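Here is the structure we will look at.
Residue numbers (the numbering used here): 339 to 646.
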């Protein structure tokens with residue numbers, strides 16, 4: 339979603355219960371419009387529409403055709419062709435890609451749609467609500483609520499969204515509305531520090547992306563030791579799954595096993611030397627994990643280092 343959209347007009351159909359200015363009539367659900375309605379926006383929009391949590395007004399995407407496809411998936415809303423076409427909504431979700439969120443927010447702020455009663459939020463894991471500062475200057479309450487899951491298949495995610503954890507931070511006025519809205523579709527919101535949002539996202543990278551990289555390094559080491567690649571993965575799978583299950587059940591310190599946990603540092607030294615001869619880059623990784631695992635083993639042993 340770019341900071342501006344095309345100028346082609348679209349037919350406007352007011353939803354039931356909406357006033358001409360796009361506001362909610364009576365005491366009905368708050369109104370919502372979505373800017374940059376890709377997989378995340380479509381999924382959340384569909385869930386909120388099904389639960390009647392929000393009344394979807396408009397969807398603004400790079401093209402009217404894309405916006406209409408999103409509306410069709412959600413089952414509600416009208417495709418807007420520009421920021422000027424957006425009706426006044428209580429809440430605006432900017433669900434564009436990370437690199438476009440600030441630009442979209444600036445364009446929304448410049449459109450004159452925002453006031454002190456508005457809420458603007460995004461669902462990025464890497465950015466904080468500070469990146470919506472342009473909306474804040476117009477008086478809007480700001481928030482970031484990040485569902486911690488993959489949205490590769492929006493239809494499947496919509497069916498199985500219940501139980502999804504969401505890292506949330508932002509202004510109290512925004513969270514007072516958005517937290518119950520996410521709870522209504524089965525999410526479990528957990529507060530995080532606004533200024534630590536990048537570290538929060540790095541934690542997810544450690545738990546997901548870097549775990550995959552670690553599996554690849556282990557697989558390469560097995561192959562270097564003479565095993566076929568497909569057998570290497572079969573050896574890794576039970577080790578990884580059982581270790582992860584124990585860590586989640588017992589806690590990381592109690593679940594730790596292996597040479598460092600036993601204090602067998604001579605084995606650790608031999609392993610490091612073998613990895614160093616094979617791949618110095620992997621050896622640097624091994625060494626860093628050794629240092630961190632020594633700290634974990636000390637916690638397991640009540641503060642006593644295995645090297646003591």
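Note that the Cβ used here is the ideal one computed from N, Cα and C, for glycine as well. Bear in mind the structure is a predicted one, so any value in this text is a computation, not a measurement.
Exercise for the section: Determine, using beta-carbon pairs with one atom in the segment 493-510 and one in the segment 559-574, whether at least three such pairs fall under 8 Å. Expected result: The segment 493-510, when compared against the segment 559-574, does not touch it at the 8 Å Cβ threshold.
Exercise for the section: In the DSSP assignment, find the unbroken alpha helix (DSSP H) run with residue 398 in it and report its ends. Expected result: Position 60 of the chain shown, counting from 1, holds the residue named residue 398. Premise fails: residue 398 lies in the beta strand (DSSP E), 392-398, not in any alpha helix (DSSP H).
Practice task
Take residue 468 as the anchor and find which of 597, 436 and 625 has the nearest alpha-carbon.
Solution key: The residue you call residue 468 lines up with position 130 of the chain shown. Closest by alpha carbon: 436.
Problem - N-terminal and C-terminal residue of the beta strand (DSSP E) that residue 523 is part of - result: Along the chain shown, read from residue 1 onward, the residue named residue 523 stands at position 185. For residue 523, there is no enclosing beta strand (DSSP E), as DSSP marks it with neither H nor E.
Practice task
Have a look at 611, 613, 588 and 400 and flag the residue whose alpha-carbon is nearest the alpha-carbon of residue 438.
Solution key: Locating residue 438 in the chain shown gives position 100, where the first residue counts as 1. Shortest Cα-Cα distance from residue 438 to any of 611, 613, 588 and 400 involves 400.
Handout entry: Assumed close pair residue 338, residue 447 - CB separation to whole angstroms, cut-off 8 Å
Key = There is no way to answer for residue 338, as the model of the chain reaches only from 339 to 646.
Practice task
Check whether the Cβ atoms of residue 462 and residue 532 sit closer than 9 Å, and answer yes or no.
Solution key: Here residue 462 refers to the residue found at position 124 when the chain shown is read from its first residue. Here residue 532 refers to the residue found at position 194 when the chain shown is read from its first residue. Residue 532 sits away from residue 462, with the two beta carbons spaced by 9 Å or more.
Practice task
Determine the contact status of residue 457 and residue 512, defining contact as a CB-CB distance below 9 Å.
Solution key: Taking the chain shown and counting its residues from 1, one reaches residue 457 at position 119. Taking the chain shown and counting its residues from 1, one reaches residue 512 at position 174. Annotated as proximal: residue 457 and residue 512, with beta-carbon spacing under 9 Å.
Practice task
Within the segment 443-517, note down every full alpha helix (DSSP H) run reaching 4 residues or more, in order along the chain.
Solution key: Complete alpha helix (DSSP H) runs here, min 4: 471-474 and 492-497.
Handout entry: Rounded straight-line distance, which links the Cα of residue 519 to that of residue 507
Key = If you number the chain shown from 1, residue 507 lands on position 169. If you number the chain shown from 1, residue 519 lands on position 181. In a straight line, the C-alpha of residue 507 is about 14 Å away from that of residue 519.
Handout entry: Nearest candidate by alpha-carbon position, reference residue 379, set 452, 628 and 433
Key = Residue 379 sits at position 41 when you count from the first residue of the chain shown. Looking at 452, 628 and 433, the one whose alpha-carbon comes closest to that of residue 379 is 433.
Problem - Span of the beta strand (DSSP E) around residue 431 - result: Locating residue 431 in the chain shown gives position 93, counting from the first residue. Following the DSSP letters along the chain, one finds residue 431 inside the beta strand (DSSP E) bounded by residues 429-432.
Practice task
Take every Cβ of the segment 577-588, pair it with every Cβ of the segment 598-616, and state whether three or more of those distances are shorter than 8 Å.
Solution key: Flag = no, the segment 577-588 and the segment 598-616 do not touch.
Handout entry: residue 371, enclosing beta strand (DSSP E) - first and last residue
Key = Within the chain shown, the letter at position 33 stands for residue 371. Where residue 371 is concerned, the enclosing beta strand (DSSP E) stretches over 368-373.
Problem - Nearest-angstrom Cα separation, counted from residue 636 out to residue 381 - result: For the purposes of this step, residue 381 is taken as residue 43 along the chain shown, with counting starting at 1. For the purposes of this step, residue 636 is taken as residue 298 along the chain shown, with counting starting at 1. In a straight line, the C-alpha of residue 381 is about 44 Å away from that of residue 636.
Problem - Where residue 414 sits in the DSSP three-state scheme - result: In the chain shown, counting from the first residue as 1, residue 414 sits at position 76. Secondary structure of residue 414 (DSSP, three-state): coil.
Problem - DSSP three-state assignment for residue 638, whether helix, strand or coil - result: Indexing the chain shown from 1 puts residue 638 at position 300. DSSP places residue 638 in helix when its eight states are reduced to three.
Handout entry: residue 644, DSSP secondary structure in three states
Key = For the purposes of this step, residue 644 is taken as the residue at position 306 of the chain shown. DSSP places residue 644 in coil when its eight states are reduced to three.
Problem - For residue 551, the first and last residue of its enclosing alpha helix (DSSP H) - result: For the purposes of this step, residue 551 is identified with residue 213 of the chain shown, where counting begins at 1. Here the alpha helix (DSSP H) through residue 551 covers 547-562.
Exercise for the section: Can you tell me which of 444, 390 and 396 puts its alpha carbon nearest to the alpha carbon of residue 375? Expected result: The residue labelled residue 375 in the question sits at position 37 within the chain shown. Nearest in C-alpha terms to residue 375, of all of 444, 390 and 396, is 396.
Exercise for the section: Check whether the Cβ atoms of residue 384 and residue 496 lie closer than 9 Å to each other. Expected result: Your numbering for residue 384 matches position 46 in the chain shown. Your numbering for residue 496 matches position 158 in the chain shown. It is a contact, given that the beta carbons lie within the stated cut-off.
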